[in-house]
Every structure is written in C-alpha cells, then in structure tokens.
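**Student:** Please see the structure below; I have some questions.
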Amino acid sequence: MEDKALLAVAVAVLVVVLAKLTPRDLARRHGPLMMLRLGKAPTLVVSSPEAAAWAVMKTHDITFADRYLNATIAVLTYDGTYGERWRQLRKITVLELLSVARVQSFQRIREEEAARFVQTLAAAAGATVDLTKMISRFVNDTFVRESIGSRCKYQDEYLEAFDTTVRQTSVLTVADLFPSSRLMQLLGTAPRKALACRDKITRILEQIIREKMEAMDRGDWTEHEGLLGVLLRIQREATLSTPLTNDAIVALMFDLFGAGSDTSSTTLNWCMTELIRYPAVMARAQAEPQSNLASAELWYLKLVIKEALRLHCPLPLLLPRQCRETCQVMGYDIPKGTSVFVNVWAICRDPNYWDDAEEFRPERFENTNLDYKGTSYEFLPFGSGRRLCPGANLGLANIELALASLLYHFDWKLPNGVEPDDVEVWEASGLIGKKNIGLMLQPVTRIAPVNA
Numbered sequence: 001m002e003d004k005a006l007l008a009v010a011v012a013v014l015v016v017v018l019a020k021l022t023p024r025d026l027a028r029r030h031g032p033l034m035m036l037r038l039g040k041a042p043t044l045v046v047s048s049p050e051a052a053a054w055a056v057m058k059t060h061d062i063t064f065a066d067r068y069l070n071a072t073i074a075v076l077t078y079d080g081t082y083g084e085r086w087r088q089l090r091k092i093t094v095l096e097l098l099s100v101a102r103v104q105s106f107q108r109i110r111e112e113e114a115a116r117f118v119q120t121l122a123a124a125a126g127a128t129v130d131l132t133k134m135i136s137r138f139v140n141d142t143f144v145r146e147s148i149g150s151r152c153k154y155q156d157e158y159l160e161a162f163d164t165t166v167r168q169t170s171v172l173t174v175a176d177l178f179p180s181s182r183l184m185q186l187l188g189t190a191p192r193k194a195l196a197c198r199d200k201i202t203r204i205l206e207q208i209i210r211e212k213m214e215a216m217d218r219g220d221w222t223e224h225e226g227l228l229g230v231l232l233r234i235q236r237e238a239t240l241s242t243p244l245t246n247d248a249i250v251a252l253m254f255d256l257f258g259a260g261s262d263t264s265s266t267t268l269n270w271c272m273t274e275l276i277r278y279p280a281v282m283a284r285a286q287a288e289p290q291s292n293l294a295s296a297e298l299w300y301l302k303l304v305i306k307e308a309l310r311l312h313c314p315l316p317l318l319l320p321r322q323c324r325e326t327c328q329v330m331g332y333d334i335p336k337g338t339s340v341f342v343n344v345w346a347i348c349r350d351p352n353y354w355d356d357a358e359e360f361r362p363e364r365f366e367n368t369n370l371d372y373k374g375t376s377y378e379f380l381p382f383g384s385g386r387r388l389c390p391g392a393n394l395g396l397a398n399i400e401l402a403l404a405s406l407l408y409h410f411d412w413k414l415p416n417g418v419e420p421d422d423v424e425v426w427e428a429s430g431l432i433g434k435k436n437i438g439l440m441l442q443p444v445t446r447i448a449p450v451n452a
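Per the numbering used here, residue 1 is the first one in the sequence shown, and the count goes up by one each step.
Here it is in structure tokens:
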C-alpha cells in the first residue's frame, strides 16, 4: 500500500510538470509531428499546415473523425462519438440551428444586447473598467437569448456550473495518463467533479425545457424565439430516424453554449487588447464604423477579427480527435486509439506561412482568399473537415456588431501610467486561450448611445 501511495505522489508530480510543457513550446523543438507517451496514453500533436491537411483533416479525416474522450470529457460531452447519432445531430445543427437564415433572425437580439452593453459602458465613462468581465457578461446575455429566446432566471447558476466544467476539462489528470488503472481512476477527482457539474447543468436545462414546452402548449412561445424552440419543434414532428430525446436536446444545448460563449468573448477581448496595443490599427478600425455604423460594410474591422483569431486562437489545440484505426501519417504508423491534437496556435504563427508572425497586422489578410471554411490549412481557427465548428457564422455575427459598437461610441484609453507596450498578452493555460489577466481600460464617450 505504501508503494502505491508513493506511485500516486510521483504521478501527481509528473502531471504538474507535463502541464507546464505545453505542445506549443515543444512543437518548436520537435517539428510538425510529435508523438508523446503520457503514461500509457499515446498522443499525437500536429503542428504544421501540411501535417494538419494530409494527416488529420483531409486525407485521413474519417479515420480521425472520433472525438477523443478522456475520463473528464466523456462525462461532459454526453458522448461525441462519430456515428449515425452524431451525424443526425450534426445535420440538425447545420441545417436548422445555425443556418445563415437562422443567424440573421437573431439580428434584433444582437442589436438590443449591444445597445445595453454600450449604455452600461457609457454610465462608467471616464472610469477604469474591467472590460474582460463586461465582455463576458455581454456575450453570455446575448447567447442565452439566442438559445432560449429570453432572459433566463437560471443564467448565473448555469454559468457558474459551466465555468467549473471548463476548468475541469482543461487540466491533465492521473486518470488520463493511466486510463486502465483503477487506482489512478480513484485518485483522479476531476471526473467526479465533472459529473457533479453535468448533473447540475442537466437539471437546469431540463427545467428550462419543461417551462418552454408548457409555454408552447399555451401558445405563448414559438420556435422563432430561440434555438431551443427549433429543437422542440423537431422533437414534436417526430420525423427523424432516431427520435430527438430530451437528453439529446440537453446535450446539444450544452455543446452550443460551450462552443459559442467562451470562444466569442475570448476573441472579442483579444480584439480590444490588440487594438489598444496598436494605436494606428485602432484609428483605422474606428474610422469605419464612425463614418456610418448603420450602413458600413466594416471591411477592415473584419480583418481585425480575422487577425485576432490567427494570433490568439480561441482553442489553441482545437478539441482533440481520436484515431479510429491504425494508419500512416507522413510515413509514421499511428496506432488505433491515439489521441490527436492539432496545434493551431503553432500553425497560425508558422513563419513559413506568416511574415512577422508575432505581430498584429490585419492588413496581412488584404487581397487573400483565406476564410473560415477550413480549406486553408495555415489558418484554422474553427477547425476543418467533419469536425469543423458549425457555429462560426453566429459567433462572428455577435463579435462584429459588438466590436463595431465599442469603436463607434467610444475612444479608449489605458489607465494612468500604462503604455501600449505594457499591456499583458500572455494567454492563460487551459482548453481556451483566454487572456491571462483582465483588460483594464477607460471608455471615453465619443457618440452617446440614444438611451444613455
């Protein structure tokens, strides 16, 4: 028993050490393909456009279509295995929930939430505000309304549980390193904490579903009031080969919120961070919406967002995939069951593809055909192939209007004594590439909001 205790301590120390040796650093030393043996778990890290294209997302896309599920993620994802059920839910997501028409239907919600956000900032004009926290609240408020059609009395409780789940999935645990060891499974507390969070989230979502179904029965609520309404309508029509159960709806709502909230707020926060660091870029970006916010095409602002996504990928390693069968990648044998991480952070900073890769230069996207479709493998902020993020259009629509509003209504200053070069740009460790510390800025009202 003493030997087992010593082993447990040794493994715990190993986990801490490995957590600090991130693939983004190791890729610089070990090239485009790096096989790691973390305990008994084989892990492949892909860190070049060529390897990403030909190894994982194109040539072997089906082979790597499964989602890697470690002890913690398996609890939280309600089973993301590639198969008939996944394909059916994916079809619903792409054609019904996140279509261009559906995204456009939420324009009024976006405008109302952006107006509330601007009014809150106007009330604090001249003072130093934690813009990171305010952005997070704005994005969450917007996405909750897009999801269920109204404000939600359970929102704060849900967000608290959701934030905890993100933290649990962002750490390497002893259970991940030794998946077949019962001792290590017992020592790993993250899966148990994740299960408790999932149960709490499930209870909240089930309560919301019950309330919305009752409202639909009364005629007080329709599918047009949110993504949940679409799912409930599909459930009632009962035309799918596999019935859409309440459990499936809960899983979809959880996935949609996870994909759309933290990533959008992170990107918007990085946009403002880089703009305050580069005054010339800020001036050019402000000139667009300030000429005419209502009719401006915001061409340069879209380049700003694209450059922020390149330099600060919301998911630096994307979500991991798993090899479904043994295959060859660039001449190397990859065993079945290997977990695969696409190191988008390294790919988007590859000096072979990007001049001055560490610099924030939106102009680099002028006169290029780089887009978000996942076919340009040097630029993959939303992934590629069968696991391409289907919510990119919704997230971008939310970000564009919010950023345009911030630049239209306000000038922005740093607190006294802080220079642009002093602004912190370190990313926090974890699943999502958030800014390590909050962005503290002073809004100076330029064009007052109508209801301020």
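Note that the Cβ used here is the ideal one computed from N, Cα and C, for glycine as well. Bear in mind that the values here come from a model prediction, so they are computed numbers and not experimental data.
So the alpha helix (DSSP H) K245 belongs to, where does it begin and stop?
**Tutor:** What sits at residue 245 in the sequence shown is Thr, not Lys. Per DSSP, T245 belongs to no alpha helix (DSSP H) and is neither H nor E.
**Student:** So is the beta-carbon of K434 under 6 Å away from any non-hydrogen atom of the ligand COA?
**Tutor:** The ligand content of the structure shown is nil, which means the ligand COA is not present either.
**Student:** Tell me the DSSP secondary structure of R102 in three-state form.
**Tutor:** Three-state result, R102: helix.
**Student:** Under 8 Å Cβ to Cβ from F382, same chain only, skipping five residues before and after it: list those, please.
**Tutor:** Closer than 8 Å at the Cβ level, and outside the excluded window around F382, lie Y372, G374, L388, C389 and A392.
**Student:** Cα separation between I399 and R277?
**Tutor:** I399 and R277: Cα-Cα distance of roughly 19 Å.
**Student:** Is it buried or exposed for L431, if we count other Cβ within 10 angstroms and need 16 for buried?
**Tutor:** L431 is buried by the Cβ-count criterion.
**Student:** Helix, strand or coil for V344? Go by DSSP, reduced to three states.
**Tutor:** Of the three classes helix, strand and coil, the one that applies to V344 here is helix, per DSSP.
**Student:** V129 and S405 - do their beta-carbons sit closer together than 7 Å?
**Tutor:** Against a cut-off of 7 Å, the Cβ pair of V129 and S405 comes out as no contact.
**Student:** Exposed or buried, what is I437 when buried is set at 16 or more other beta-carbons lying within 10 Å of its beta-carbon?
**Tutor:** Flag for I437 reads exposed.
**Student:** For Y68, count neighbouring C-beta atoms within 10 Å of its own C-beta (all shown protein chains included) and say buried if the count is 16 or more, exposed if not.
**Tutor:** Buried, by the Cβ-count rule.
**Student:** What number of angstroms, rounded off, separates the C-alpha of K20 from the C-alpha of R28?
**Tutor:** With a pLDDT of only 46 at K20, under 50, the local geometry of the prediction cannot be trusted, and the value read off the model is given with reservation. Computed Cα separation, rounded: 15 Å.
**Student:** In this structure, how does DSSP classify E427 when only helix, strand and coil are distinguished?
**Tutor:** The answer is strand: DSSP assigns E427 an E or B state.
**Student:** Given that a residue counts as buried once 16 or more other Cβ atoms are within 10 Å of its Cβ, and exposed if not, what is G229?
**Tutor:** The residue is buried, with at least 16 neighbouring Cβ atoms inside 10 Å.
**Student:** Hey, how far is the Cα of K40 from the Cα of T338?
**Tutor:** The straight-line gap from Cα to Cα measures roughly 10 Å.
**Student:** With distances taken between CB atoms, is the gap from P320 to F341 smaller than 7 Å?
**Tutor:** For P320 and F341, yes; Cβs fall inside 7 Å.
**Student:** For S136, does the three-state DSSP call read helix, strand or coil?
**Tutor:** Correct three-state label for S136: helix.
**Student:** Between C152 and V144, which are expected to be in contact by the criterion C-beta below 8 Å, what is the C-beta distance as a whole number of angstroms?
**Tutor:** Sure, about 5 Å apart at Cβ, within 8 Å.
**Student:** Can you name, in chain order, every residue of its own chain whose Cβ lies under 7 Å from the Cβ of L309, other than the five neighbours on each side?
**Tutor:** The answer, listed in chain order, is T267 and P381.
**Student:** Is the beta carbon of E307 less than 7 Å from the beta carbon of P351?
**Tutor:** Result no, Cβ atoms of E307 and P351 do not sit closer than 7 Å.
**Student:** Only counting runs of 3 or more residues, tell me where the beta strand (DSSP E) segments fall wholly within the region 279-340, in order along the chain.
**Tutor:** Those beta strand (DSSP E) runs which fall completely within the region 279-340 and span 3+ residues are 327-329 and 332-334.
**Student:** So what does DSSP say about P42, is it helix, strand or coil?
**Tutor:** DSSP places P42 in strand when its eight states are reduced to three.
**Student:** Measure the Cβ-Cβ separation of V45 and A55 and say whether it is below 7 Å.
**Tutor:** It is not a contact, given that the beta carbons lie outside the stated cut-off.
**Student:** What does the alpha-carbon distance come out to for the pair K336 and R324?
**Tutor:** Using only the alpha carbons, I get a separation of about 6 Å.
**Student:** L301 CB to nearest chain B CB: under 7 Å?
**Tutor:** Looking at the structure shown, chain B is missing, and only one protein chain is on hand.
**Student:** Going by other Cβ atoms of all chains shown within 10 Å of its Cβ, with 16 needed for buried, is A448 buried or exposed?
**Tutor:** Exposed: under 16 other Cβ atoms inside 10 Å.
**Student:** Assuming E274 and F360 are in contact, meaning their beta carbons sit under 8 Å apart, how far apart are those beta carbons, in whole angstroms?
**Tutor:** About 4 Å separates the two Cβ atoms, so the contact holds.
**Student:** Please name the residue or residues paired with R37 in a DSSP beta bridge.
**Tutor:** DSSP lists P42 as partners of R37.
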